[in-house]
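Per numbering that gives the first Met the number 0: the sequence shown = residues 0 to 306. Using N, Cα and C, we set each Cβ at its ideal position, and we do this for glycine too. Beneath this line is the structure, given in structure tokens, with notes to follow.
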Amino acid sequence: MNLKDLEYFQTLCYTRSFTKTAEALYVSQPSVTFAIHRLEDELGVKLFEINKSHRSVELTIAGQYLQKKAGHILTEVENTVREIREFNHPTIRLGLPPIIGGYYAADIMKQIDDKGLLPFINLVEDGSELLLKKIEENKIDLAIIGSASPIHSSKIVSIPITRSELVICTSRQHRFSGRSNINFQEVEHEKMLLLGQSFVHRTAFQYFSKKYRIKPKVVYQTDKIQTLKALIAVDCGISLLSRMVVSDAEDIAMVPLDEEVIPYFYVSICFNKNHALSEEEKSIIELFQAHEKEACEAHKDFTEIAR
0 MNLKDLEYFQ TLCYTRSFTK TAEALYVSQP SVTFAIHRLE DELGVKLFEI
50 NKSHRSVELT IAGQYLQKKA GHILTEVENT VREIREFNHP TIRLGLPPII
100 GGYYAADIMK QIDDKGLLPF INLVEDGSEL LLKKIEENKI DLAIIGSASP
150 IHSSKIVSIP ITRSELVICT SRQHRFSGRS NINFQEVEHE KMLLLGQSFV
200 HRTAFQYFSK KYRIKPKVVY QTDKIQTLKA LIAVDCGISL LSRMVVSDAE
250 DIAMVPLDEE VIPYFYVSIC FNKNHALSEE EKSIIELFQA HEKEACEAHK
300 DFTEIAR
């Protein structure tokens, strides 16, 4: 049975007109007529009767039966074709920390969707340290990783994407708000709001605490960045975060750290050295690289205008 004939039949069932069917399918009327005759010859039954008084066609009993089955047949074929095509597009296990995901989600995911890759993405959300371990163990294919320094590993390929300055984040009402910079030692007696242990920001906090031999009081920790930002905004405490995390929060002040070397939050896209990248995975890497290139150029243009 010719599937195209079945599609013509299904459309004719709806329009009840050879002319309207031809117009709907952008084919000639004889093409529709031949398709229906071919289908009737193959099945050995009449599917339509001509209603001359209404200049339309009516389904026979056999036609009514085929109409019930045709939709299921075409849907099943369509699903089968889609599933077979997916053999060439295996699922991509993409690791994405919630913090970085919030920064990239709208733009990058839209572009991934535009390329038709979104149905093949299995998103794995976790902290950067856990995702890095999953890359090493081949439990995921790609991951966007945040780190306190550039990643160097014998097991992992790391492609730098961007970096974002680590800053002290406070409410607009806090006494640190408006400062040009701050020494980390000054947070010793502040109420600290932190991300969980698997997040790089926590590692950076522990590094500075050890460096200055202080033990700030941690009053709350969470894996939810939106919760953390909300608590900072209402002055429940302060935190150490990267600019990219809070750049969209107008009710949060960002105070640079007074350090000889500016501390950064590095963002890289990583995969296991033994993992052979598919063309789809290469496309995803290129999307992230292009996104940051455009963001840098936009920032440069804005800076020049501001001058």
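- Inter-segment contact for the stretch 110 to 124 and the stretch 63 to 77 is absent: fewer than three beta-carbon pairs are separated by less than 8 Å.
- Lys281 carries a helical assignment under DSSP once its states are collapsed to helix, strand and coil.
- Beyond the five residues adjoining it in sequence on each side, Ser176 comes within less than 8 Å, by CB distance, of Thr169, Ser170, Ala252 and Val254 in the same chain, given in chain order.
- The closest CA to that of Asn1, considering only Leu42, Thr20, Val26 and Ser16, is found on Leu42.
- Separation of Gln63 and His71 (C-alpha to C-alpha, rounded to the nearest whole angstrom) is 14 Å.
- Proximity to Leu95 across Pro89, Leu131 and Thr221 peaks at Leu131, based on C-alpha coordinates.
- Beta-carbon to beta-carbon, Ile155 and Glu135 are separated by about 7 Å, close enough to satisfy the 8 Å threshold.
- Here DSSP, grouped into helix, strand and coil, assigns Tyr211 to coil.
- In its chain, beyond the 5 residues on either side, Asn180, Ile181 and Asn182 have a beta carbon closer than 7 Å to the beta carbon of Asp257.
- Phe33 sits in a helix when the DSSP states are folded into three classes.
- If you keep only unbroken beta strand (DSSP E) runs of at least 3 residues inside the stretch 46 to 117, you get 47 to 50, 55 to 58 and 91 to 94.
- Boundaries of the beta strand (DSSP E) harbouring Glu164: Ile155 to Ser170, taken from the DSSP string.
- Straight through space, the alpha carbons of Ile83 and Gln28 are spaced by roughly 33 Å.
- For a cut-off of 8 Å, the C-beta gap from Thr18 to Thr10 is around 12 Å, too long to register as a contact.
- Excluding residues up to 5 positions away in sequence, Leu95, Ile99 and Ile268 lie with their Cβ nearer than 6 Å to the Cβ of Ile143 in the same chain.
- Within the same chain, Cβ atoms closer than 6 Å to the Cβ of Pro159 are found at Ser267, the five residues on either side in sequence being excluded.
- Rounded to whole angstroms, the gap between the alpha carbons of Thr202 and Val80 is 48 Å.
- The residue among Ser52, Leu5, Val26 and Ala23 with its C-alpha nearest the C-alpha of Arg37 is Leu5.
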